[in-house]
Amino acid sequence: MLALTPVITVSYEVKSAFMFLSVLELAVGILTNAFIFLVNFWDVVRRQPLSNCDLILLSLSLTRLFLHGLLFLDAIQLTYFQRMKDPLSLSYQTIIMLWMITNQAGLWLTTCLSLFYCSKIVHFSHTLLLCLANWVSRKAPQMLLGAMLFSFACTLLCLGDFFSRSGFAFTTVLLMNNTEFNSQIVKLNFYYSSIFCTLGSIPPFMFFLVSSGVLIISLGRHMRTMKANTKDSGDPSLEAHIKALISLISFLCLYVVSFCAALISVPLTMVWHNKIGVMICVGILAACPSIHAAILISGNAKLRRAVETILLWVQSSLKVRAGHRADLRTPDLC
Numbered sequence: 010m011l012a013l014t015p016v017i018t019v020s021y022e023v024k025s026a027f028m029f030l031s032v033l034e035l036a037v038g039i040l041t042n043a044f045i046f047l048v049n050f051w052d053v054v055r056r057q058p059l060s061n062c063d064l065i066l067l068s069l070s071l072t073r074l075f076l077h078g079l080l081f082l083d084a085i086q087l088t089y090f091q092r093m094k095d096p097l098s099l100s101y102q103t104i105i106m107l108w109m110i111t112n113q114a115g116l117w118l119t120t121c122l123s124l125f126y127c128s129k130i131v132h133f134s135h136t137l138l139l140c141l142a143n144w145v146s147r148k149a150p151q152m153l154l155g156a157m158l159f160s161f162a163c164t165l166l167c168l169g170d171f172f173s174r175s176g177f178a179f180t181t182v183l184l185m186n187n188t189e190f191n192s193q194i195v196k197l198n199f200y201y202s203s204i205f206c207t208l209g210s211i212p213p214f215m216f217f218l219v220s221s222g223v224l225i226i227s228l229g230r231h232m233r234t235m236k237a238n239t240k241d242s243g244d245p246s247l248e249a250h251i252k253a254l255i256s257l258i259s260f261l262c263l264y265v266v267s268f269c270a271a272l273i274s275v276p277l278t279m280v281w282h283n284k285i286g287v288m289i290c291v292g293i294l295a296a297c298p299s300i301h302a303a304i305l306i307s308g309n310a311k312l313r314r315a316v317e318t319i320l321l322w323v324q325s326s327l328k329v330r331a332g333h334r335a336d337l338r339t340p341d342l343c
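Using the working numbering, the letters of the sequence shown correspond one by one to residues 10 to 343.
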């Protein structure tokens, strides 16, 4: 088995660098996801109807804002309070469990987005698939509600299992006087609770893989049809395929990276006691949702127009200020 050198404590410089990175990732995460949320929520305030895609993006951005807050709390707890050799504190375990639950809710919402893309872009020939695609396209709010209800049920099960195991571990710690044994009991209970919570991510991830695979197959067929018909490259259906796939494939890559980081952080925390390694994993976990939010903004026409409007407003404001300063510096000859 691979053995790493335990890094139980880290220097002040490493802590400062990690907290600076955590604050930066929190700021970027809040900026990108709050932008998606506010642009879509502004339509709600103006009583303009939201499209199904906008409704999913609104829910997803709100979930990721909460996710970034949990990751920042995790960074603070890890840096200043949790020592690697000590048993995992209940507050640290609770933050990680809440992150896992919120991340699972975000996965369900992204799966809804992929199913919606699939229903709007892919042209099905089979009657059953065509009816299913029409239902998804028309019933996106109900699909979103169903995903949230399933996620809520998984949340209750995960929290129930976690707190029941925590209560058992707390009772064991009170009865036993062996510090090393108590630490192992706490770690094992948290490990099994994490596995139980991870099982809830399997259904949405499978749906996501299937819908993304259907989009890839549809894109291949569409490109072969275009090649046979010698159409130009400015086909709207082709552009819609590519934009949807960029959004979904990027999420798949980022989700795999974040899952691997979360998976590696478990032995780093419980076996190798390597605090720097855990900090790197937390930094990766915080970066992935922000990157995907930026990709969603670049691939959504409504959000791109909002960015362009803001940039034009900032540019005109800077020009007005520059002109005002030039007028103040010009000497009055009268």
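All C-beta atoms in this analysis are idealised placements derived from N, C-alpha and C, irrespective of residue type, glycine included.
Would you tell me roughly how many angstroms separate the C-alpha atoms of residue i and residue j, rounded to the nearest one?
i      : j      : result
ILE289 : ASP83  : 12 Å
LEU87  : VAL19  : 11 Å
ALA303 : THR41  : 6 Å
PHE199 : VAL37  : 31 Å
LEU257 : SER267 : 15 Å
MET10  : THR120 : In this prediction, MET10 scores a pLDDT of 42, lower than 50, which makes its location untrustworthy; no coordinate-derived value is stated.
VAL329 : VAL316 : 20 Å
LEU71  : MET109 : 16 Å
LEU342 : LEU327 : Its pLDDT being 44, under 50, LEU342 is placed unreliably in this model, and the value from its coordinates should be taken loosely. C-alpha separation (whole angstroms): 27 Å.
ILE85  : VAL23  : 13 Å
GLN151 : TYR126 : 16 Å
LEU218 : SER227 : 14 Å
SER210 : ALA271 : 14 Å
SER25  : PHE90  : 14 Å
ASP95  : VAL275 : 15 Å
ASP170 : GLN57  : 42 Å
VAL5   : GLY332 : Residue 5 lies beyond the range of the chain shown here (10 to 343); nothing can be said about it.
PHE29  : ILE300 : 18 Å
PHE216 : LEU139 : 17 Å
MET279 : ALA249 : 45 Å
ALA156 : TRP117 : 6 Å
LEU321 : ARG314 : 10 Å
ARG334 : VAL131 : 55 Å
ALA296 : PHE27  : 13 Å
LEU312 : ASP52  : 12 Å
May I ask which residues mark the beginning and end of the alpha helix (DSSP H) holding residue i?
i      : result
LYS370 : The first residue shown for the chain is 10 and the last is 343, placing residue 370 beyond what the model contains.
VAL37  : 21-54
PHE75  : 61-89
THR18  : No alpha helix (DSSP H) contains THR18, which DSSP labels as neither H nor E.
SER146 : 136-147
From the options, pick the residue whose C-alpha is nearest to that of residue i; which is it?
i      : options                           : result
THR207 : ALA114, LEU257 and SER259         : ALA114
ILE45  : MET232, LEU154, LEU35 and SER307  : SER307
PHE50  : LYS284, SER68 and LEU35           : SER68
MET93  : PHE171, LYS284, ALA295 and LEU321 : LYS284
GLY231 : PRO212, PHE214, ILE251 and LEU116 : For clarity, residue 231 is His in the given sequence; the question names Gly instead. When only C-alpha atoms are compared, the closest one is ILE251.
ARG147 : SER134, SER202, SER220 and LEU64  : LEU64
PRO80  : GLU34, ASP95, PRO213 and CYS269   : According to the sequence shown, residue 80 is Leu rather than Pro. Of the listed residues, the one whose Cα sits closest to LEU80 is GLU34.
SER202 : LEU165, PRO213, MET235 and SER227 : LEU165
SER160 : SER123, LEU107 and ASN143         : LEU107
GLY78  : LEU99, ILE105, TYR264 and LEU59   : ILE105
LEU261 : MET28, LEU122, VAL32 and LEU47    : LEU122
LEU74  : LEU312, PRO298 and LEU321         : PRO298
PHE214 : HIS282, LEU197 and ASN112         : ASN112
LEU99  : PHE172, TYR21, SER325 and LEU59   : PHE172
SER220 : HIS282, SER128 and LEU247         : SER128
Is there at least one Cβ from chain D nearer than 9 Å to residue i's Cβ?
i      : result
LEU116 : The displayed structure is made up of one protein chain only, and chain D is not part of it.
Worksheet item: What runs of the beta strand (DSSP E), each 3 residues or longer, lie entirely inside the region 194-271?
Response: Listed in chain order, nothing qualifies, since the region 194-271 has no complete beta strand (DSSP E) run of 3 or more residues.
Discussion item. Could you tell me which whole alpha helix (DSSP H) segments of length 4 or greater appear in the region 267-337?
Written reply: 284-308
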